[in-house]
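Respectively, the protein sequence lines represent chains A and B. Residues in the first sequence are numbered from 1 upward in steps of one, following our numbering. Residues in the second sequence are numbered from 150 upward in steps of one, following our numbering. Take a look at the structure below.
There are 2 protein chains.
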Amino acid sequence: MTDNQLKLENQLCFRLYTAARLTMGAYHPYLDPLGITYPQYLVMLVLWEQDKQPVCDIAKKLLLDTNTVTPLLQRMEKAGFVSRAKGKEDTRQRIVSLTKKGKALQEKAKPIPDCLLNDVALKTGEEEEMLKMIPTLDKLIEGLKRTKK
Amino acid sequence: MTDNQLKLENQLCFRLYTAARLTMGAYHPYLDPLGITYPQYLVMLVLWEQDKQPVCDIAKKLLLDTNTVTPLLQRMEKAGFVSRAKGKEDTRQRIVSLTKKGKALQEKAKPIPDCLLNDVALKTGEEEEMLKMIPTLDKLIEGLKRTKK
DNA sequence: AATTTTTATATCGTATGCGATACAAAAATT
DNA sequence: AATTTTTGTATCGCATACGATATAAAAATT
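Printed below as a string of structure tokens:
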């Protein structure tokens, strides 16, 4: 009796892990010229949707913890994309704002989602099928999210 | 016209990124007692399928590079799960072998895939749907793999 | 055979992720 | 009001990922 269960090819997680890595890599050609990494791009997406948010709100939206987001924001501040000011009502908070440079980046980033879809379409020929995973991934994320505390 | 394209909720990649992270986290309860991490678990899967492989073969199967796998294997050697011997035919190679401890771990790991499927089934109620993503993820991976050189 | 190219590992530096912990401030209790 | 609990950030340490680079050995060329 072979241990099919323990085979790499039977692991959903290995696919997720690999697909996520390779997809992040596919962003490189577009993010490198902007001077940001993929996680930083996610932060920018959050801030472009709504400027001036405390660290915890950003973290919540990305399903990350502050111990990941804080250093990320510190690097982004050093790079000049955001500024971090102490909160006025709640002094514990750090309100993250887009700088002029950070706002300007949005224009340059606009074509990126289409570029990526294009790349995927070209390379897989199955763009539709990829997008169909979204609801399933959302269910998975929703289910696993609850575990974390 | 709102920039829907640049919204976080419209990003497939954010789902992949998050789903992969959370799924890896779901392995913690099972891997911590074994003393290995998720990437190390993947290496063990590869070696349990076939013992004694050069670093490059392991890397190829995991779609990783040696600059990731080498340090990983060094940590696993230090932990006593594998040994790394110089290749005899090709002296450039490092042949990675399971130690007694590494082989013994397989027994303890056997129930893990079922545990995970169980967890996912419990938390999402849609185990079937999750597994249906596998062929799509494989197409995505296959497509993106080619890019990387 | 000598040279060039490719291949297999390894090392270095930087940016995540994340568990554990620390700390101050706000909120809830007593 | 004083105490306890919770919350928002930050720091530390360790394990990945991965681009860039180094090195030796095998393979391909000339």
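By construction, the Cβ of each residue, glycine as well, lies at the ideal position given by its N, Cα and C atoms. Owing to the predicted nature of the structure, the values given are computational and were not obtained by experimental measurement.
query                                                                                                                                                                                          : result
Listed from N- to C-terminal order along the chain, which residues in the segment 244-263 of chain B have their beta-carbon within a distance smaller than 9 Å of any beta-carbon of chain A?  : GLN255, ALA258, LYS259, PRO260, ILE261, PRO262, ASP263
Does DSSP classify ALA228 of chain B as helix, strand or coil?                                                                                                                                 : coil
State yes or no: is the C-beta of GLN199 of chain B within less than 8 Å of the C-beta of VAL245 of chain B?                                                                                   : no
For GLN53 of chain A, would you say it is in contact with chain B, using Cβ-to-Cβ distances shorter than 8 Å as the test?                                                                      : no
Would you mind giving the Cβ-Cβ distance between GLY87 of chain A and GLN93 of chain A, rounded to the nearest angstrom? I have them listed as a contact below 8 Å.                            : 3 Å
Candidates B:LYS249, B:GLN255, B:PRO188: which alpha carbon is nearest TYR176 of chain B's?                                                                                                    : B:PRO188
Where does PRO260 of chain B fall in DSSP's three states?                                                                                                                                      : coil
Closer than 8 Å by C-beta to LEU191 of chain B: which residues in its own chain qualify, once you throw out the five before and the five after it? Chain order, please.                        : LEU211
ALA253 of chain B to GLU9 of chain A, Cα distance in whole Å?                                                                                                                                  : 22 Å
Have a look at the DSSP bridge pairing and note the partners of ARG170 of chain B.                                                                                                             : Answer by DSSP bridge pairing: none, since ARG170 of chain B is not bridged.
By DSSP's criteria, ARG233 of chain B is part of a beta bridge. Which residues make up the other side?                                                                                         : B:VAL245
Are the beta-carbon atoms belonging to LEU137 of chain A and ALA258 of chain B less than 8 Å from one another?                                                                                 : no
Under 8 Å: do the segment 122-130 of chain A and the segment 287-294 of chain B share three or more Cβ pairs, one atom per stretch?                                                            : yes
Would you say LYS367 of chain B lies against chain A (beta-carbon separation less than 8 Å)?                                                                                                   : The first residue shown for chain B is 150 and the last is 298, placing residue 367 of chain B beyond what the model contains.
In angstroms, rounded to a whole number, what distance separates the CA positions of LYS294 of chain B and THR23 of chain A?                                                                   : 10 Å
Can you tell me whether DSSP reads CYS205 of chain B as helix, strand or coil?                                                                                                                 : helix
Kindly list the residues whose CB is nearer than 6 Å to the CB of LEU180 of chain B, restricted to its own chain and excluding five residues on each side of it in sequence; keep chain order. : TYR190
Please check if any C-beta of chain B sits within less than 8 Å of the C-beta of THR91 of chain A.                                                                                             : no
Relative to the alpha-carbon of LEU247 of chain B, which residue among B:MET282, B:ILE261, B:LYS156, B:VAL195 has its alpha-carbon at the smallest distance?                                   : B:VAL195
Does GLU277 of chain B get closer than 8 Å to chain A when you measure Cβ to Cβ?                                                                                                               : no
Quick one: grab the DSSP three-state call for GLN223 of chain B.                                                                                                                               : helix
Between which two residues does the alpha helix (DSSP H) carrying LEU191 of chain B extend?                                                                                                    : 187-198
Does LEU6 of chain A pass the burial test, meaning 16 or more other C-beta atoms within 10 Å, or should it be called exposed?                                                                  : buried
Using a Cβ-Cβ cut-off of 8 Å, state whether LEU212 of chain B counts as contacting chain A.                                                                                                    : yes
Answer with yes or no whether the minimum CB distance from ILE290 of chain B to chain A is below 8 Å.                                                                                          : yes
Tell me the DSSP secondary structure of LEU16 of chain A in three-state form.                                                                                                                  : helix
When we look at the beta-carbon of GLN223 of chain B and count the other beta-carbons within 10 Å, is it buried (16 or more) or exposed?                                                       : exposed
Identify each residue in the segment 152-173 of chain B for which the Cβ-Cβ distance to at least one residue of chain A is less than 8 Å, and report them in chain order.                      : ASP152, GLN154, LEU155, LYS156, LEU157, ASN159, GLN160, LEU161, CYS162, PHE163, ARG164, LEU165, TYR166, THR167, ALA168, ALA169, ARG170, LEU171, THR172, MET173
Run the CB neighbour count on MET150 of chain B, radius 10 Å, all protein chains shown included, and call it buried at 16 or more, exposed below.                                              : The pLDDT assigned to MET150 of chain B is 49, lower than 50, so where the model puts this residue is not dependable, and the model offers no usable value.
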